[in-house]
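In what follows, a structure is listed as structure tokens, so that the remarks can point back to it.
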Amino acid sequence: MKIKIAPSILASDFSKVGEEVARLETCGADYVHCDVMDGNFVPPITFGAQMVKAIRPHTKLPLDCHLMVLHPETHLKDFAEAGADIITVHVEACNIAELFKQIEGYGVKKSAVVNPETDVEKLFPAAETADMLLLMSVHPGWGGQKFIPETLHKIEKLRNYCVKIGRPELDIEVDGGVTEANVGEVLKAGANVIVAGSAVFRSPDMAATIKRLRG
Ligand code: DX5
Ligand code: ZN
5 MKIKIAPSIL ASDFSKVGEE VARLETCGAD YVHCDVMDGN FVPPITFGAQ
55 MVKAIRPHTK LPLDCHLMVL HPETHLKDFA EAGADIITVH VEACNIAELF
105 KQIEGYGVKK SAVVNPETDV EKLFPAAETA DMLLLMSVHP GWGGQKFIPE
155 TLHKIEKLRN YCVKIGRPEL DIEVDGGVTE ANVGEVLKAG ANVIVAGSAV
205 FRSPDMAATI KRLRG
């Protein structure tokens with residue numbers, strides 16, 4: 005399975021996000037992970053669809069939009085029109101089956117995510133039709149946190165379930181606290197899409213770090 009690196013612009017310099025996104029592409033990233041926070045589902049506020057619209061012309065990479073928001077159904081149109089390629093919604097914030105239908109209606113790839121304290125089984129119904137599934141390996145809201153080791157078992161269970169339902173190649177993304185030190189275990193557990201914010205943007209050599217994160 006292709007290993008994809010999705011650096012999170014949450015860790016980028018917000019005063020020049022367009023340049024930062026272009027730099028990610030030059031340095032070999034596969035996706036741009038956009039951490040949308042509304043100050044309700046999680047305490048911080050980051051940015052909305054307008055930021056996605058602003059960065060769209062600066063990269064051809066898929067924009068992987070992680071919506072940490074309440075009522076995600078009210079934002080889908082704006083993100084689709086802004087140029088989002090993948091929209092990930094939280095099981096804790098909506099009816100996934102309903103949201104998947106709406107996301108598909110906009111011609112955008114659909115993905116579902118669970119928080120660390122949410123059972124991985126809550127993603128199983130979405131696994132039948134999702135274009136990707138996301139497991140949080142930190143509590144959402146901030147970059148630069150420590151990876152929660154219990155996530156490894158959830159990755160294994162999710163990958164085994166995907167194999168069981170005949171979708172062995174389904175993209176499983178892991179998000180939060182992934183670094184060069186622990187990415188090997190994350191990939192071995194069965195994830196193939198790696199979100200990395202601080203590991204990438206704090207690196208003195210972004211291209212080398214992205215290469216090493218590919219294991
Ligand atoms: C946290 C976000 C993560 C975070 C990852 O709520 O969903 O994507 O930005 O940042 P690092 O890789 O620094 O943990
Ligand atoms: Zn994220």
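Letter by letter, the sequence shown follows residues 5 to 219 in my numbering.
For each residue, glycine too, the CB sits at the ideal point set by N, CA and C.
Residue 207, buried or exposed, once every other Cβ within 10 Å from all chains shown has been counted against 16: Sequence index remark: in the sequence shown, residue 207 carries index 203 (1-based). Under this definition residue 207 is a buried residue.
Please indicate yes or no: does the CB of residue 94 lie closer than 7 Å to some heavy atom of the ligand ZN? Stepping through the sequence shown from its first residue, residue 94 is reached at position 90. Checking the 7 Å criterion, the Cβ of residue 94 is out of range of every heavy atom belonging to the ligand ZN.
Please list the terminal residues of the continuous alpha helix (DSSP H) segment that includes residue 64. The residue given as residue 64 occupies position 60 in the sequence shown. For residue 64, no alpha helix (DSSP H) encloses it, and the DSSP letter there is neither H nor E.
Should residue 179 be listed as close to the ligand PLP, given that the test is whether its C-beta is under 7 Å from any heavy atom? By its list of ligands, the structure shown excludes the ligand PLP, since it contains just the ligand DX5 and the ligand ZN.
Distance cut-off 7 Å: residue 56 Cβ against heavy atoms of the ligand DX5: On the sequence shown, residue 56 is found 52 positions in, with the first residue counted as 1. Outside the cutoff, so no.
Note down, in chain order, each residue of its chain lying with its Cβ closer than 7 Å to the Cβ of residue 133, except the 5 sequence neighbours on either side. Here residue 133 is taken as the residue at index 129 of the sequence shown, counted from 1. Counting only Cβ-Cβ distances below 7 Å, and skipping sequence neighbours, we find 104.
Tell me the rounded alpha-carbon separation between residue 23 and residue 219. For the purposes of this step, residue 23 is identified with residue 19 of the sequence shown, where counting begins at 1. For the purposes of this step, residue 219 is identified with residue 215 of the sequence shown, where counting begins at 1. So the alpha carbons of these two residues sit roughly 26 Å apart.
I believe residue 162 touches residue 137 by the beta-carbon criterion, under 8 Å. Please report the beta-carbon distance rounded to the nearest angstrom. Sequence index remark: in the sequence shown, residue 162 carries index 158 (1-based). Sequence index remark: in the sequence shown, residue 137 carries index 133 (1-based). The pair is a contact, with the Cβ atoms about 6 Å apart (cut-off 8 Å).
Tell me, to the nearest whole angstrom, how far the beta carbon of residue 10 is from that of residue 197; I am working on the premise that it is less than 8 Å. Stepping through the sequence shown from its first residue, residue 10 is reached at position 6. Stepping through the sequence shown from its first residue, residue 197 is reached at position 193. The pair is a contact, with the Cβ atoms about 6 Å apart (cut-off 8 Å).
Heavy atom of the ligand ZN less than 7 Å from the Cβ of residue 37, yes or no? Within the sequence shown, the letter at position 33 stands for residue 37. Yes, Cβ of residue 37 sits closer than 7 Å to a heavy atom of the ligand ZN.
Alpha carbon to alpha carbon, how far is residue 87 from residue 203? Taking the first residue of the sequence shown as 1, we reach residue 87 at position 83. Taking the first residue of the sequence shown as 1, we reach residue 203 at position 199. Going from the Cα of residue 87 to the Cα of residue 203 covers about 26 Å.
Residue 6, DSSP secondary structure in three states: Within the sequence shown, residue 6 is the residue found at index 2, counting from 1. DSSP places residue 6 in coil when its eight states are reduced to three.
Output needed for residue 210: all residues of its chain with C-beta closer than 7 Å, excluding positions within five of it in sequence on either side, in chain order. As a position in the sequence shown, residue 210 is number 206, starting the count at 1. Contacts found: 27, 31 and 204.
Span of the alpha helix (DSSP H) around residue 202: Position 198 of the sequence shown, counting from 1, holds the residue named residue 202. The continuous alpha helix (DSSP H) containing residue 202 extends over residues 202 to 205.
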